[in-house]
Amino acid sequence: MEKFQWFKPALTGAVCGAIALAIVGFSWGGWVTGSSAKRSAGVERTSAIAAALTPYCLERAKTDPASAQIMAELKAAGTYGRSDIVKKAGWATPLGSTEPNADLAQACQIALGTAG
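Going by my numbering, the first residue of the sequence shown is number 35, and it counts up by one from there.
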């Protein structure tokens with residue numbers, strides 16, 4: 035039995051080292067879980083789509099015959115109602131889609147507010 039006296043301290047050290055490594059890795063090392071990475075990638079993807087399609091939305095706003103009336107509604111609307119106005123106008127509905135994109139509507143109404 036005296037042959038394996040080193041085993042218990044070695045095992046304890048390995049377990050404590052693994053726990054310390056996990057704490058340091060997740061706290062300061064930038065490690066993330068799979069679900070956290072998927073959530074972050076989804077947010078990045080959504081904002082990239084909105085950023086890429088904002089010029090399309092602005093172009094639709096320029097070419098819409100009812101643009102002047104809708105822009106007046108946007109100026110009169112509260113902060114939270116502007117995206118709904120852009121959705122209702124159809125400016126935030128990408129080609130090939132039947133539903134307006136909420137993130138695109140938000141980005142478009144911000145761009146319209148700074149452009150006008």
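Every residue gets a Cβ at the ideal spot worked out from N, C-alpha and C, and that includes glycine.
Next on the checklist: Between Ala102 and Asn135, how many whole angstroms is the CB-CB distance? I'm expecting something under 8 Å.
Outcome noted: Looking up residue 102 in the sequence shown gives position 68. Looking up residue 135 in the sequence shown gives position 101. Going by Cβ atoms, the distance from Ala102 to Asn135 rounds to 24 Å, so no, they are not a contact pair.
Next on the checklist: Just to confirm my understanding: we take Ala111, look at its own chain, exclude 5 residues before and 5 after, and list those with CB closer than 7 Å. What are they?
Outcome noted: As a first step, residue 111 is located in the sequence shown; it is residue number 77 there, counting from the start. Excluding sequence neighbours, Ala111 sits near Ile119.
Item to check | Alpha-carbon to alpha-carbon, Pro99 and Tyr90 | outcome: What you label residue 90 is simply residue 56 of the sequence shown in a count that begins at 1. What you label residue 99 is simply residue 65 of the sequence shown in a count that begins at 1. Their Cα atoms are separated by approximately 16 Å.
Checklist entry - Where Gly59 and Gly68 are concerned, what is the direct C-alpha to C-alpha distance, given to the nearest angstrom? => result In the sequence shown, the residue the question calls residue 59 occupies position 25. In the sequence shown, the residue the question calls residue 68 occupies position 34. Their Cα atoms are separated by approximately 15 Å.
Next on the checklist: Quick check on this structure: which residue in Val66, Leu108 and Tyr114 has the alpha carbon closest to the alpha carbon of Trp125?
Outcome noted: Numbered from 1 along the sequence shown, position 91 holds the residue referred to as residue 125. The residue from Val66, Leu108 and Tyr114 with its alpha-carbon nearest to that of Trp125 is Leu108.
Checklist entry - So the alpha helix (DSSP H) Tyr90 belongs to, where does it begin and stop? => result In the sequence shown, the residue the question calls residue 90 occupies position 56. For Tyr90, the enclosing alpha helix (DSSP H) begins and ends at Gly68 to Thr97.
Checklist entry - Would a C-beta distance cut-off of 9 Å place Leu87 and Pro128 closer than the cut-off? => result Against the sequence shown, residue 87 aligns to sequence position 53. Against the sequence shown, residue 128 aligns to sequence position 94. Closer than 9 Å, so yes.
Item to check | Leu129 in three-state terms, based on DSSP | outcome: The residue given as residue 129 occupies position 95 in the sequence shown. Leu129: coil per DSSP, three-state reduction.
Item to check | Three-state class that DSSP yields for Gln39 in the structure shown | outcome: Position 5 of the sequence shown, counted from the first residue, corresponds to residue 39. Looking at Gln39 - three-state DSSP - the assignment turns out to be coil, as it is neither helix nor strand.
Next on the checklist: Let's see if you can read the secondary structure: which residues bound the alpha helix (DSSP H) around Ala102?
Outcome noted: Numbered from 1 along the sequence shown, position 68 holds the residue referred to as residue 102. Per DSSP, Ala102 belongs to the alpha helix (DSSP H) from Ser101 to Ala110.
Item to check | Cα-Cα separation, Leu45 to Tyr114 | outcome: Counting from 1 along the sequence shown, the entry for residue 45 is found at position 11. Counting from 1 along the sequence shown, the entry for residue 114 is found at position 80. Whole-angstrom Cα-Cα distance: 58 Å.
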